[in-house]
Amino acid sequence: GLVTLAGNTGNYSGGTIINSGELRASTPTTAGTYTTLGTGAVTVNSGATLRFFTGSTFAAITYANAINLNNATLINEDGVHTLSGAVALTGANTINGIYSGKNLILSNVVSGTGSLTKIGTADLTLSGNNTYTGTTTVTGGRLNLSGTNASSISVTGATLGGIGSTTGSLTTNASSILALSGTAPTSAFTVSGAVNYAGATSIAFDTIPTLASGTTVFTVVNYGSLTSGLTNLSGPSGYRTTLSDDTVNKKVLLNVTTGTRTWNQTSPGTWNALSATSFAEGDLRFANGDAVVFDDTATNGAVTLSGTLLPSSITVNNASTAYTFSGSGSISGNTSITKSNTGTLTLSTSNSYTGATNINGGVVNIQNTNALGATTAGTTVASGAALEIQGGITTAAEALTLNGTGISSTSGALRNVSGNNTYAGSINVASASTIYSETGTTLTTSGLLTLANTLTKTGGGTLRLTNYNGSSAAAASDIVVNAGTLEFASGYFNASPFGYRALTMTVNSGAILRTTAAHALGGDNVDAGTSFGQILVNGGTLQFDASQYVSSGTVSGQGRIVLTGGTITGTGDIRMLGSTISTAASATTSTISGTGGINLGFGSVTFNVAEGAAATDLQVSTVISSTNGVTKSGSGLASFSGNNSYTGTTTVSAGTLEITHNSGLGTTAAGTTVASGATLQLSNSVSIGAETLGLSGTGVSNTGALRNISGNNSLAGAITLNAASRINSDSGTFTLSGNIGGAAQNLTIGGDGNTTISGAIGTTTGTLTKDGAGTLTLSG
1 GLVTLAGNTG
11 NYSGGTIINS
21 GELRASTPTT
31 AGTYTTLGTG
41 AVTVNSGATL
51 RFFTGSTFAA
61 ITYANAINLN
71 NATLINEDGV
81 HTLSGAVALT
91 GANTINGIYS
101 GKNLILSNVV
111 SGTGSLTKIG
121 TADLTLSGNN
131 TYTGTTTVTG
141 GRLNLSGTNA
151 SSISVTGATL
161 GGIGSTTGSL
171 TTNASSILAL
181 SGTAPTSAFT
191 VSGAVNYAGA
201 TSIAFDTIPT
211 LASGTTVFTV
221 VNYGSLTSGL
231 TNLSGPSGYR
241 TTLSDDTVNK
251 KVLLNVTTGT
261 RTWNQTSPGT
271 WNALSATSFA
281 EGDLRFANGD
291 AVVFDDTATN
301 GAVTLSGTLL
311 PSSITVNNAS
321 TAYTFSGSGS
331 ISGNTSITKS
341 NTGTLTLSTS
351 NSYTGATNIN
361 GGVVNIQNTN
371 ALGATTAGTT
381 VASGAALEIQ
391 GGITTAAEAL
401 TLNGTGISST
411 SGALRNVSGN
421 NTYAGSINVA
431 SASTIYSETG
441 TTLTTSGLLT
451 LANTLTKTGG
461 GTLRLTNYNG
471 SSAAAASDIV
481 VNAGTLEFAS
491 GYFNASPFGY
501 RALTMTVNSG
511 AILRTTAAHA
521 LGGDNVDAGT
531 SFGQILVNGG
541 TLQFDASQYV
551 SSGTVSGQGR
561 IVLTGGTITG
571 TGDIRMLGST
581 ISTAASATTS
591 TISGTGGINL
601 GFGSVTFNVA
611 EGAAATDLQV
621 STVISSTNGV
631 TKSGSGLASF
641 SGNNSYTGTT
651 TVSAGTLEIT
661 HNSGLGTTAA
671 GTTVASGATL
681 QLSNSVSIGA
691 ETLGLSGTGV
701 SNTGALRNIS
711 GNNSLAGAIT
721 LNAASRINSD
731 SGTFTLSGNI
741 GGAAQNLTIG
751 GDGNTTISGA
761 IGTTTGTLTK
771 DGAGTLTLSG
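Rendered as structure tokens:
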């Protein structure tokens with residue numbers, strides 16, 4: 001029957017004896033040394049079994065018990081188990097490793113007169129200096145020998161590896177494999193007795209070998225005698241090899257020859273190892289370890305990969321012949337790919353090579369998640385070259401370094417050419433670089449973005465930046481959106497520090513800079529910070545689809561956001577922190593719209609509006625809400641058309657503020673002040689409630705500090721003249737129902753439109769003057 005001992009609770013020291021059936025040692029899922037079997041010796045007698053088990057975690061477990069096997073069986077069911085105590089063999093014993101890739105390690109001395117048979121698909125490792133004299137028979141899995149041994153070894157249908165030694169003999173029978181280290185050509189197994197390759201035996205490399213150009217010589221075995229010759233021994237598959245017997249030094253040698261192979265096909269061809277004659281030099285075949293060149297020697301660049309290919313390097317130097325690597329095969333090993341000249345290389349296979357990909361010229365187009373191989377060495381795009389992505393793929397997390405604008409001034413060093421694709425690796429903009437996304441497509445990046453220089457977005461599609469927390473940039477770096485959409489999503493882009501220096505983001509005509517994560521633009525661009533950055537919207541659109549803070553401070557007298565015929569819109573609220581939004585002179589009206597609104601709960605806002613050729617320089621249709629105030633500065637005209645609800649003061653310090661909605665000035669709680677030389681004008685037949693109003697001066701170009709520009713408009717609040725002032729009505733009727741005060745201040749009513757004042761005018765000694773063609777009606 002079966003008995004299971006579990007956990008680490010075996011504190012007894014008297015030893016464990018298994019006379020029949022099976023004892024299973026089951027350990028927790030955490031690696032370590034366990035006393036599941038107590039601290040004494042474990043003896044497994046004839047016909048009995050000791051089994052080691054960890055469960056699904058396959059933790060590395062060590063037992064320090066001495067083990068005595070007497071015609072018994074050890075089973076390693078799963079995981080990596082190490083027996084660090086001495087093992088003694090009596091009679092015929094079996095070790096069974098059930099799962100491939102798992103390992104039972106006997107790290108101490110194995111002694112005795114018994115024999116050992118290794119079965120099953122897992123590994124058995126003998127790393128001690130062993131003295132047992134019985135035969136070692138391997139019929140399944142792999143036996144690794146790294147210490148010294150006194151046993152004769154027989155291998156059938158299994159693998160022998162390691163660089164240990166034995167004073168016995170070695171016999172390999174049919175379907176046996178000898179595993180060599182690829183990094184130490186002279187390290188080999190040593191057999192003091194006879195070596196007999198009795199059946200078909202092949203050599204395999206444990207690791208991808210380090211090969212010199214020409215011939216590299218490996219020692220397969222050091223022998224006392226060789227009784228079979230080399231007829232049944234073959235070299236590693238896929239390599240150009242010969243075998244030789246060094247009778248002087250008593251070594252079996254493996255000679256691996258490499259060279260350069262150049263693709264020379266005029267029709268679609270196959271790239272495999274030692275079969276297809278697709279190359280120009282030597283035996284016309286590729287062997288693993290060869291350097292491979294793809295240039296304009298061939299007139300057809302359709303290359304079908306078959307099998308796992310291990311070139312030492314790949315150079316694609318093409319102008320007229322476009323190459324496509326496809327098929328079921330893959331590029332692996334320590335190789336790198338270098339692309340030069342103006343042509344294109346398309347990679348559609350899943351590769352695992354560990355070297356770098358260097359795109360020095362032309363285009364590399366990837367259409368597979370692992371097209372660029374393992375992520376260890378990264379990919380670099382030089383100025384004038386490009387990496388293209390297509391096929392709806394998510395790449396592996398390959399570090400990418402970008403330089404330049406691509407094969408033309410706007411085409412992109414990184415290009416999304418079709419489908420929605422994701423680049424998962426980090427991106428370093430090493431010099432001023434362009435990323436292009438084709439119209440109708442989205443390129444998503446999910447790695448860190450490092451800006452050592454300016455990044456420009458082109459193409460009508462979307463570049464979507466996600467998971468960019470921790471992104472950074474240097475002093476020379478800015479972001480420019482020339483076409484399509486640049487979206488900041490799922491993160492917090494620290495747009496300031498970059499060495500405590502704020503970058504400038506520019507959104508040009510027709511382009512969109514969009515945020516879909518709350519406060520996505522951090523640092524000093526439009527969020528709180530210590531240095532000053534800006535977003536310049538030059539005919540483009542700044543779209544906040546999530547909440548965003550805008551910090552205080554100005555740059556050269558302008559705010560953190562500057563509109564030149566540009567638009568701010570979106571569904572997210574814009575949170576002001578004593579912020580300034582500026583406009584530059586333009587023939588096109590700048591607009592602030594969207595459903596998210598401007599939130600003054602965190603601070604006030606100043607609209608610094610320059611005067612341009614447009615009739616309205618800034619149109620604000622979004623709702624302005626919460627507790628702080630609004631200042632209008634600059635000589636231009638800003639128009640509020642939203643249903644505003646802010647409760648702070650409205651200050652018109654320069655230029656013109658136009659109100660076209662009844663609630664354009666927010667609530668009536670704090671009132672409005674118009675400075676000398678500035679104008680508050682009403683149009684669109686609005687009725688302003690009891691908003692108190694303080695006036696100074698005659699307005700912009702003597703048109704009135706308070707002006708009825710068109711339609712029949714009314715103001716119910718009290719007016720205080722803080723200086724001699726003018727009120728004009730250009731057309732329609734302007735109705736003022738509040739009292740007008742301001743001791744000793746003169747008031748002029750003018751314009752071609754009519755004005756009705758129903759409140760009392762209490763300016764004491766101040767004068768009232770009427771000019772212009774309109775009618776003034778006083779009923780107070």
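Numbering (the working numbering) for the sequence shown: 1 to 780. The beta-carbon is built from N, C-alpha and C at its ideal position, and this holds for glycine as well. This structure is a prediction, so every number in the text was calculated from the model and none was measured.
Burial state of Leu2, where buried means 16 or more other Cβ atoms lie within 10 Å: The residue is exposed, with fewer than 16 neighbouring Cβ atoms inside 10 Å.
Own chain partners of Tyr12 with C-beta closer than 6 angstroms, once the 5 adjacent residues on each side are dropped: Hits under 6 angstroms: Gly38.
Beta carbon of Ala397 nearer than 7 angstroms to that of Ala424: In this structure, Ala424 lies closer than 7 angstroms to Ala397 by Cβ.
Three-state class that DSSP yields for Asn96 in the structure shown: Reduced to three states, the DSSP call for Asn96 is strand.
Meets three-Cβ-pair contact criterion under 8 angstroms: the segment 241–250 and the segment 260–274: Put simply, the segment 241–250 does not touch the segment 260–274. Fewer than three CB pairs are less than 8 angstroms apart.
Secondary structure, beta strand (DSSP E): runs of 3+ residues fully inside the segment 382–419: You should have 385–390, 400–404 and 414–418.
Beta-carbon contacts of Ala25 that lie in its chain and below 6 angstroms, excluding the five residues immediately before and after: These residues qualify, in order along the chain: Leu5, Thr36, Leu37 and Phe52.
Val313 (DSSP reduced to helix, strand or coil): The displayed chain sequence assigns Ser, not Val, to residue 313. Three-state result, Ser313: strand.
First and last residue of the uninterrupted beta strand (DSSP E) at Glu22: Glu22 -> beta strand (DSSP E) spans Glu22 to Ser26.
For Ile61 and Gly7, the rounded distance between their alpha carbons: Going by the C-alpha atoms only, they are around 11 angstroms apart.
Backbone secondary structure at Asn712 - three-state DSSP: Coil at Asn712, not helix or strand.
Uninterrupted beta strand (DSSP E) stretches inside the segment 698–764 (no shorter than 3 residues): Correct list: 706–708, 713–715, 719–729, 733–736, 747–750 and 754–757.
Inter-residue Cα distance where the pair is Ser165 and Asn130: Linking Ser165 to Asn130 through their CA atoms gives a straight-line distance of about 10 angstroms.
Rounded C-alpha distance that separates Gly128 from Tyr99: Take the alpha-carbon of Gly128 and the one of Tyr99: they are about 23 angstroms apart.
Uninterrupted beta strand (DSSP E) stretches inside the segment 255–305 (no shorter than 3 residues): Look at the segment 255–305 and you find these whole runs of beta strand (DSSP E), each 3 residues long or longer: 260–262, 269–271, 291–295 and 302–305.
Beta-carbon proximity of Asp617 to Thr583, cut-off 7 angstroms: For Asp617 and Thr583, yes; Cβs fall inside 7 angstroms.
Neighbourhood of Ile119 by C-beta, 7 angstroms cutoff - its chain only, sequence neighbours within 5 removed: Here the set comprises Thr94, Asn96, Thr139 and Gly140.
Whole-angstrom distance between Gly565 and Gly766, CA atom to CA atom: Approximately 44 angstroms between the Cα atoms of the pair.
Closest by C-alpha distance to Val620, when choosing among Leu665, Phe602, Thr627 and Ser653: For Val620, the nearest C-alpha among the options comes from Leu665.
Outcome for Ala744 when other beta-carbon atoms lying within 10 angstroms are tallied against a minimum of 16: Residue environment: Ala744 is assigned as exposed (fewer than 16 neighbouring CB atoms within 10 Å of its CB, all protein chains considered).
Buried/exposed call for Lys457, threshold 16 Cβ in 10 Å: Burial state of Lys457 is buried, judged by a 10 Å Cβ sphere holding 16 or more other Cβ atoms.
Straight-line Cα distance separating Ala86 from Arg240: Roughly 44 angstroms separates the two Cα atoms.
C-alpha gap between Ala723 and Gly732, whole angstroms: Cα-Cα distance, rounded: 26 angstroms.
Option in Thr171, Ile177 and Leu180 with minimal Cα separation from Val195: Residue Thr171 is the option with its Cα nearest to Val195.
Residue of Leu305, Asn300 and Leu274 minimising C-alpha distance to Asp290: When only C-alpha atoms are compared, the closest one is Leu274.
Bridge-paired residues (DSSP) for Lys632: Per DSSP, Phe607 and Val652.
Whole-angstrom distance between Asn728 and Gly677, CA atom to CA atom: Gly677 and Asn728 have their C-alpha atoms roughly 14 angstroms apart.
Closest Cα partner of Thr692 within the set Ile435, Val674 and Ile163: Between Thr692 and the set Ile435, Val674 and Ile163, the nearest pair of CA atoms involves Val674.
Test item: CB-CB of Gly47 and Asn70 under 7 angstroms: Taking 7 angstroms as the cut-off, the beta carbon of Gly47 is found no closer than this to the beta carbon of Asn70.
Beta-carbon spacing of Gly753, Asn708 below 7 angstroms: Closer than 7 angstroms, so yes.
Three-state secondary structure (DSSP) of Ser696: Under the three-state reduction of DSSP, Ser696 is assigned to strand.
Helix, strand or coil at Ile782 according to DSSP, with G and I counted as helix: A question about residue 782 goes unanswered here, because the residues of the chain that appear run from 1 up to 780.
For Gln534, the three-state DSSP class (helix, strand or coil): DSSP places Gln534 in the strand class (E or B) of the three-state scheme.
Coarse secondary structure for Asp246, derived from DSSP in three states: The three-state secondary structure of Asp246, taken from DSSP, is strand.
Touching by the beta-carbon criterion (3+ pairs, under 8 angstroms), the segment 423–438 and the segment 385–405: When C-beta atoms of the segment 423–438 are compared with those of the segment 385–405, three or more pairs fall below 8 angstroms, so the two segments count as touching.
The segment 334–351 contacting the segment 309–326, beta-carbon criterion three pairs below 8 angstroms: Verdict: yes, contact present.
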